[in-house]
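Reading the sequence shown from the start, the letters are residues 8 to 161 in my numbering.
Think of the CB as a built atom: it goes at the ideal place given N, C-alpha and C, for glycine as much as any other residue.
Computed from a predicted structure; not experimentally measured.
One structure is given here, and the rest of the page talks about it.
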Amino acid sequence: MTDMDREGLMTAISSAIAAAPAPKSAMEQAVRLLKDAIPHYSWVGIYVLEGDELVLGPYLGKPSPHTRIPLGRGICGAAATEKATIVVDDVNADPRYLACSIETKSEIVVPIMRGNDVLGEIDIDSDQPAAFGARDRALLEPVAALLAERLAED
Ligand code: SME
Numbered sequence: 008m009t010d011m012d013r014e015g016l017m018t019a020i021s022s023a024i025a026a027a028p029a030p031k032s033a034m035e036q037a038v039r040l041l042k043d044a045i046p047h048y049s050w051v052g053i054y055v056l057e058g059d060e061l062v063l064g065p066y067l068g069k070p071s072p073h074t075r076i077p078l079g080r081g082i083c084g085a086a087a088t089e090k091a092t093i094v095v096d097d098v099n100a101d102p103r104y105l106a107c108s109i110e111t112k113s114e115i116v117v118p119i120m121r122g123n124d125v126l127g128e129i130d131i132d133s134d135q136p137a138a139f140g141a142r143d144r145a146l147l148e149p150v151a152a153l154l155a156e157r158l159a160e161d
């Protein structure tokens, strides 16, 4: 995908998140647009923080066994605890990794933050090793910021 295409995708996601009637549909739209646009995004989902657990919300891809992840567990739990994006090039080499699909090779988790509070996170798996880099971060961190505005409504 060219940078120009990514700019168009960002515009589409931004409009969809703003126009969605409720936070849940804003999350659904973001997941759908990301999954449809980027071939190496094999699984795209959003976890929402409830108490000290990350609860799986909208997602596209194979069903995950990890529908509730305590803050101390997994790459998802680590990203929420560290309040920072985590990119894992080889999930099988990362002891934190909670397997979702045997095909998954790499993962990016981007926290959805409101100020210093974690509201949730965008979690994306790829069947390709080392699939995520600076361009994914540059796309997903602004999407997370837009989602934060809508999630804060709940
Ligand atoms: N791999 C994640 C768990 C979620 S599944 O990928 C959908 C983790 O290690 O936290």
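Which of the three DSSP states is assigned to residue i in this structure?
i      : result
Pro46  : coil
Arg39  : helix
Pro30  : helix
Ala100 : helix
Counting along the chain, where does the beta strand (DSSP E) carrying residue i start and finish?
i      : result
Pro149 : Looking at the DSSP string, Pro149 is not in any beta strand (DSSP E); the run it does join, the alpha helix (DSSP H), is Ala141 to Leu158.
Glu114 : Ser113 to Arg121
Tyr66  : Glu60 to Leu67
Glu110 : Where Glu110 is concerned, there is no enclosing beta strand (DSSP E), given that its DSSP letter is neither H nor E.
Leu126 : Asp124 to Ser133
Arg75  : Arg75 to Pro77
Where does the unbroken alpha helix (DSSP H) through residue i begin, and where does it stop?
i     : result
Leu16 : Asp10 to Ala26
Ile82 : Gly81 to Glu89
For residue i, list the residues DSSP reports as bridge partners.
i     : result
Ile93 : Val116
Tyr54 : Leu63 and Glu128
Check the C-beta distance from residue i over to residue j and give it rounded, since I have them as a contact under 8 Å.
i     : j      : result
Leu63 : Thr74  : 4 Å
Val94 : Tyr104 : Not confirmed; about 13 Å, so no contact.
Leu16 : Lys42  : With 8 Å as the limit, Leu16 and Lys42 do not qualify as a contact, their Cβ atoms being about 11 Å apart.
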